[in-house]
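Chemist: In the working numbering, the protein residues as written are 844 to 1187.
Just so you know, even glycine gets a beta-carbon here, dropped at the ideal spot from N, CA and C.
My questions all concern the structure below.
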Amino acid sequence: MSIKIANRFKPFSHEFGTKAVLPLSIYTLEAFPSFFRIFKNDEVVLEIKFGIVGPVDGFTLMQDIEKARLYIYGSGADSFFRFSLSHKEEKLSLRLERARSEISYSISKLDDLSLNGKIEGVLTAKNELVFSTKEKALELKSLERLSFGNHKKQDTALIRRRNDPKEFLPFWFALGQRMHTTKSPIVKEDLLDKLKRDFTLCFSDLFAKSGKKPDHLGLSDIPGTGLYEGYELIRSMLVYKENETFHILKKMPHQFDCGRVIDLKLKDGVFVDIEWSKKSIKKLHIRSLIKTSLKLSFQKALKTCRELSLRESSQASLKRTRSLEDDIVIDLKIGKTCLDRFQK
């Protein structure tokens, strides 16, 4: 009966020199097999060389949005290696997760960061280099998850080649929740067209800032959307609030005829899971940690639905049919309330 999304958001690239934004932070990593460069905004703040002997097979830069980390791994001529990069509180940690032997390192550039250690040395498995930062990382929170039913390989080169919003918007939606808020001008244009345009123009590789010029791509010079603002735009397709009423799937483009979203926070203590197909809602599950009420508005074509309430204390259920001709108010108690059997 529950609504689930099996996908985990871990896009990756096998290309040397790929850039990836680090979740929860303002830093971006550019990774080669034996050389890392870290940017703060557009400025290089760290360059580090490793004693890894090539050629390197299976080189991969993975952006683990779930754990808010970057992983860099591959197999050199004499050793397998796996690094992780994370930002927690005011510490930037570069950790050698796995290696068959020790790996030497040398830091050639260090600006705006303070190293708690030596600029040259060796790393063994489970050792790390810790840098103090002036900026504090965001707090790691649970993710709201979105799926349009796409289960293709999460190789960013293939994702960009296909350029399918059903494929890249769920990653943007997840990553945007892990990023700092920035303000973008509000532009009155088709929502989906704007998101597709900005994905092409504003980002490269693993959502790193792009230096592409609009006229080189045949695009108009309109201010782009940041990662967090993109998350808010995508979220508005799912639910938006107006005069204390939550509107469900009212702005969903017709191209997204089916999908799921889970753990969507409506307000403190109230979360919803939504499933839809054939361009119409099928299920809405509400989990409430408090006693409160919700006013909901659905697509105009819908006439009735079934309400099923499960109480946390006794698991007793209450069933009734609700008319959707007008907005409905649901009185929530602690537990789960399910709306299904939507009829037109």
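(1) Can you give, in chain order, each stretch of the beta strand (DSSP E) that sits fully within the stretch 952-994 and has at least 3 residues?
(2) Are D1116 and I846 closer than 8 Å when you measure CB to CB?
(3) Just tell me which of K892, L1167 and L1107 has its CA closest to the CA of E987.
(4) From F1050 to K1138, what distance separates their C-alpha atoms?
(5) Any chance the stretch 899-908 sits against the stretch 950-969, with 3 or more Cβ pairs inside 8 Å?
(6) Using the DSSP secondary-structure output, state which residues sit across from K1108 in a beta bridge.
(7) In three-state DSSP terms, what is L1035?
(8) Would F923 pass as a contact of F859 if the rule is Cβ separation under 8 Å?
(9) Find the nearest neighbour of N993 within the set I1105, C1101, D1033 and A942, judged by alpha-carbon distance.
(10) Tell me, please, whether the stretch 965-977 touches the stretch 925-934 by the rule of three or more beta-carbon pairs shorter than 8 Å.
(11) Could you tell me if P866 is buried or exposed, where buried requires 16 or more neighbouring beta carbons within 10 angstroms of its beta carbon?
(12) Quick check on this structure: which residue in E1150, P1008, S985 and L1145 has the alpha carbon closest to the alpha carbon of K995?
(13) Could you compute how far the alpha carbon of K883 sits from the alpha carbon of F1046?
(14) Along the beta strand (DSSP E) that carries M905, what are the first and last residues, could you check?
(15) What separation, rounded to the nearest whole angstrom, lies between the Cα atoms of T1164 and V1113?
(16) Quick check: what's the CA-CA separation for D998 versus P1013?
(17) Using CA coordinates, which residue listed in M1080, K1110 and F1089 is at the minimum distance from Q1098?
(18) With a 10 Å radius around its C-beta and 16 neighbouring C-beta atoms as the bar for buried, classify R1103 as buried or exposed.
Modeler: Checking against the coordinates, here is how it stands:
(1) 963-966, 971-975 and 988-990
(2) Taking the C-beta atoms as reference points, I846 is found nearer than 8 Å to D1116.
(3) Distances from the alpha-carbon of E987 to those of K892, L1167 and L1107 put L1107 closest.
(4) 36 Å
(5) no
(6) Beta-bridge annotation (DSSP): K1108 is paired with F1114.
(7) helix
(8) no
(9) C1101
(10) Touching, per the Cβ criterion.
(11) P866 comes out buried.
(12) Of E1150, P1008, S985 and L1145, the residue nearest in Cα terms is P1008.
(13) Roughly 16 Å between the two C-alpha positions.
(14) D900 to D907
(15) 22 Å
(16) Distance between the alpha carbons of D998 and P1013 is about 14 Å.
(17) M1080
(18) R1103 is buried by the Cβ-count criterion.
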